[in-house]
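With our numbering applied, the sequence shown corresponds to residues 1 to 177, in that order.
Ideal placement from N, C-alpha and C gives every residue a C-beta, glycine not left out.
The block underneath contains the structure these notes are about, expressed in structure tokens.
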Amino acid sequence: MDILRSSHISAVRFLDGGGTRTRSCKIRRFNVRSNLPFPKQNAKYHKELEAAIDVVQNACRLCVQVKSSLFSTDGKVLEKNDQTPVTVADFGVQALISLELSKLFPSIPLVAEEDSAFLRSRNLVDTVLDALVTAEASSTSKTLTQDDVLKAIDRGGKDAFVFGSKPATYWVGILSS
């Protein structure tokens with residue numbers, strides 16, 4: 001998929017021969033706008049869902065950018081203490097989601113996997129910041145600082161908030177390979 005072209009246009013590749021691999025591939029492009037499968041008036045959280053779709057599209061662009069640089073530089077795939085891999089894309093996507101959704105919905109907390117301790121201990125904040133700026137994934141990526149990235153990642157970390165007794169809405173960020 002070529003998701004770097006636009007936040008509202010995707011390109012999909014189809015293989016000749018009904019899915020069998022052949023030497024030549026035809027590329028067919030068509031516009032895809034991520035729309036919800038129901039009208040706005042039927043969705044209590046329509047605004048939030050639309051924002052989530054836009055943020056995920058931006059996160060995909062960031063992942064493609066990081067993937068393209070994986071084989072050209074070192075230090076992009078790391079291993080956490082629990083022996084699970086983590087990449088600059090993991091931190092970048094979490095920071096991006098946190099930055100964008102907190103700007104649009106500051107009262108909705110975020111639940112996410114990573115915190116900034118790993119980045120701080122390995123001096124990787126600049127690498128994540130560069131990924132955000134290079135991918136131009138965030139609307140504010142050109143003015144981001146290291147502190148902005150660290151705070152955005154920690155916004156969804158384990159110590160970021162306390163659950164109250166009242167029902168609430170939470171953003172949940174799960175990165176899966």
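Buried/exposed call for residue i, threshold 16 Cβ in 10 Å
| i | result |
| --- | --- |
| S68 | exposed |
| N58 | buried |
| T87 | buried |
| R143 | The sequence shown places Thr at residue 143, rather than the Arg named in the question. By the 10 Å Cβ count, T143 comes out exposed. |
| P106 | exposed |
| T127 | buried |
| V56 | exposed |
Other residues of its chain near residue i: CB distance less than 8 Å, five sequence neighbours each side excluded
| i | result |
| --- | --- |
| G157 | A112, E114, D115 and S116 |
| Q94 | A112, E113, E114, A152, I153, G156, G173 and L175 |
| R120 | L150 |
| L62 | A89, G92, V93, L96, A131, L132, A135 and A137 |
Where residue i sits in the DSSP three-state scheme
| i | result |
| --- | --- |
| T145 | coil |
| L110 | strand |
Residues of its chain near residue i, where Cβ-Cβ distance is below 6 Å and the 5 sequence neighbours each way are ignored
| i | result |
| --- | --- |
| H46 | K40 |
Chain-order list of residues whose beta-carbon lies under 7 Å from that of residue i (same chain, five-residue window excluded)
| i | result |
| --- | --- |
| K44 | none |
| L129 | L144, Q146 and V149 |
| V125 | L119, Q146, V149 and L150 |
Residue i CB to nearest heavy atom of the ligand GDP below 8 Å
| i | result |
| --- | --- |
| D115 | Although the ligand GDP was asked about, the structure shown includes no ligands whatsoever. |
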